[in-house]
Amino acid sequence: MMRKVVAGMQMSIDGLIDGPDGYTDWVDSWSDTFDLLPEIDACVLGNGMYSGYEQYWSAIKRDPHAPLEFTGQLPTPEEIEYADFALGTPHYVLSKTRSDVEWENARIVRDVSEIETLRQAPGRTIYVVGGARTVSSLMDHGLIDELRLTIHPLVVGKGKALFDTVAERHHVQLDNVKRLDGGKVCLVYKVGGGA
Numbered sequence: 002m003m004r005k006v007v008a009g010m011q012m013s014i015d016g017l018i019d020g021p022d023g024y025t026d027w028v029d030s031w032s033d034t035f036d037l038l039p040e041i042d043a044c045v046l047g048n049g050m051y052s053g054y055e056q057y058w059s060a061i062k063r064d065p066h067a068p069l070e071f072t073g074q075l076p077t078p079e080e081i082e083y084a085d086f087a088l089g090t091p092h093y094v095l096s097k098t099r100s101d102v103e104w105e106n107a108r109i110v111r112d113v114s115e116i117e118t119l120r121q122a123p124g125r126t127i128y129v130v131g132g133a134r135t136v137s138s139l140m141d142h143g144l145i146d147e148l149r150l151t152i153h154p155l156v157v158g159k160g161k162a163l164f165d166t167v168a169e170r171h172h173v174q175l176d177n178v179k180r181l182d183g184g185k186v187c188l189v190y191k192v193g194g195g196a
């Protein structure tokens, strides 16, 4: 039986994951809003996202009581929990150009076929952390089983769209809806493939 591959992203209601300056200043916490951590034993992310991701979670792990450079806020208890998870879970960085990674638990994979091999190996859920090109590429290769989107009640207007680089149509089916504080909504979609 193949492992499930889940992509989790935070976005505005107009489908953007970054604003015009490349920042997601509307996200107040980067913790897992889907209660997925107990199910996950591997993470996948793209080259463009790896550096910031590694720096963010490493900073929390080094000093969980210091304000974060990215937000100026103290980490939430959920972010501290996720930092422990991130530094203790194997991460696969999909990149054709990166030559090294800082984390001992991270390794570079050069092609999506390696993600397919990982999917067929024994284990639990594989979590695709992002970014947009990685999620789109894995969707186009039929490697995303589920999308978990945290929608923020904000129209950004300009910025990077989550599905801007998807090459084909994909049918999805709404599986679950969860309301969060501040008007946020978590939507869980099963992905049916291209058509």
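In the working numbering, the protein residues as written are 2 to 196.
Where a beta carbon is used, it is the ideal one built from N, C-alpha and C, also for glycine.
Model, not experiment: these values are computed from the prediction.
How many angstroms separate the CA atom of residue 97 from the CA atom of residue 48?
-> Cα to Cα, the separation comes out at about 8 Å.
Look up residue 147 in the DSSP assignment and give the residues it is bridged to.
-> For residue 147, DSSP records a beta bridge to 7 and 191.
Is the segment 60-79 close to the segment 172-190, with three or more CB pairs under 8 Å?
-> Too few Cβ pairs lie closer than 8 Å, so no.
Distance between residue 139 and residue 195 (C-alpha atoms, nearest Å) = Residue placement at residue 195 cannot be trusted, given a pLDDT of 43 that sits under 50; the coordinates are not used to answer.
Residue 47 bridges to which residues according to DSSP?
-> Per DSSP, the beta-bridge partners of residue 47 are 95.
Give the straight-line distance between the Cα atoms of residue 149 and residue 22, rounded to the nearest whole angstrom.
-> Spanning the two alpha carbons is a distance of roughly 25 Å.
In the structure shown, what three-state DSSP assignment does residue 136 receive?
-> The answer is helix: DSSP assigns residue 136 an H, G or I state.
Are residue 190 and residue 147 close, meaning C-beta to C-beta below 8 Å?
-> The Cβ-Cβ distance between residue 190 and residue 147 falls below 8 Å.
Run of the alpha helix (DSSP H) containing residue 118, from where it starts to where it stops = Residue 118 -> alpha helix (DSSP H) spans 113-121.
Boundaries (first-last residue) of the beta strand (DSSP E) holding residue 107 | 107-110 is the span of the beta strand (DSSP E), which, as asked, contains residue 107.
To the nearest angstrom, how far is it from the Cα of residue 9 to the Cα of residue 104?
-> Whole-angstrom Cα-Cα distance: 21 Å.
Which of the three DSSP states, helix, strand or coil, is assigned to residue 62?
-> Correct three-state label for residue 62: helix.
Have a look at the DSSP bridge pairing and note the partners of residue 12.
-> Answer is 152, bridged to residue 12.
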